[in-house]
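Chemist: In this text, residue positions in the sequence shown follow my numbering: the first is 657, and each later residue adds one.
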Amino acid sequence: MPAFDIYMKAGIHPDYFESTITCACGAVYKTGSTMESIAIELCSACHPFFTGKQKILDTARRVEKFTGKIDKKSATVKTAKDKAADRAARAQTKAEKKANSDTSIKSVSR
Numbered sequence: 657m658p659a660f661d662i663y664m665k666a667g668i669h670p671d672y673f674e675s676t677i678t679c680a681c682g683a684v685y686k687t688g689s690t691m692e693s694i695a696i697e698l699c700s701a702c703h704p705f706f707t708g709k710q711k712i713l714d715t716a717r718r719v720e721k722f723t724g725k726i727d728k729k730s731a732t733v734k735t736a737k738d739k740a741a742d743r744a745a746r747a748q749t750k751a752e753k754k755a756n757s758d759t760s761i762k763s764v765s766r
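Set out below in structure tokens:
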């Protein structure tokens, strides 16, 4: 009888297995878990953070959708000069509107 069995309440804990974790790259790790086998997509042997190589896992075309959004947005992005020209045009129309408007008391009270 293992020592930890005397401290655990019987019948309420899940079974504990010596499980194998299998990565998509083929690496296999042994550990303890409540599941007998676990399949994963990335591990320390193939993760870009640890390897320094970029690997794109494209689940449900997410990468293409993202790059499509970025490309569409970059086509409509204005430069600083364009934005300044738009601001100047708005300011000019606002000034013209203000110059043409009648602000006398007679016009306001009508």
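Cβ coordinates follow ideal geometry from the N, Cα and C atoms, glycine included.
Please read these numbers as outputs of a predicted model, since none were measured by experiment.
Need the endpoints of the alpha helix (DSSP H) that residue 726 sits in, please.
Modeler: Note, residue 726: alpha helix (DSSP H), 718-732.
Chemist: Rounded to whole angstroms, what's the CA-CA distance from residue 667 to residue 716? Just pull it up for me.
Modeler: So the alpha carbons of these two residues sit roughly 42 Å apart.
Chemist: By the DSSP assignment, the beta strand (DSSP E) with residue 686 in it spans what residues?
Modeler: Note, residue 686: beta strand (DSSP E), 684-689.
Chemist: Helix, strand or coil for residue 744 per DSSP?
Modeler: Looking at residue 744 - three-state DSSP - the assignment turns out to be helix.
Chemist: Answer yes if the segment 671-686 comes into contact with the segment 694-703, meaning at least three C-beta pairs across the two stretches below 8 Å, and no otherwise.
Modeler: In short, these stretches touch, since the Cβ pair count reaches three.
Chemist: Where does residue 701 fall in DSSP's three states?
Modeler: Correct three-state label for residue 701: coil.
Chemist: Name the one or two DSSP bridge partners that residue 693 has.
Modeler: In DSSP, residue 693 forms a bridge with 676.
Chemist: What does the alpha-carbon distance come out to for the pair residue 683 and residue 675?
Modeler: If you take the alpha carbons of residue 683 and residue 675, they lie about 14 Å apart.
Chemist: Have a look at residue 749 and residue 741 and give me their C-alpha separation to the nearest angstrom.
Modeler: Approximately 12 Å between the Cα atoms of the pair.
Chemist: In three-state terms, what does DSSP make of residue 668?
Modeler: Residue 668 falls in the coil class under three-state DSSP.
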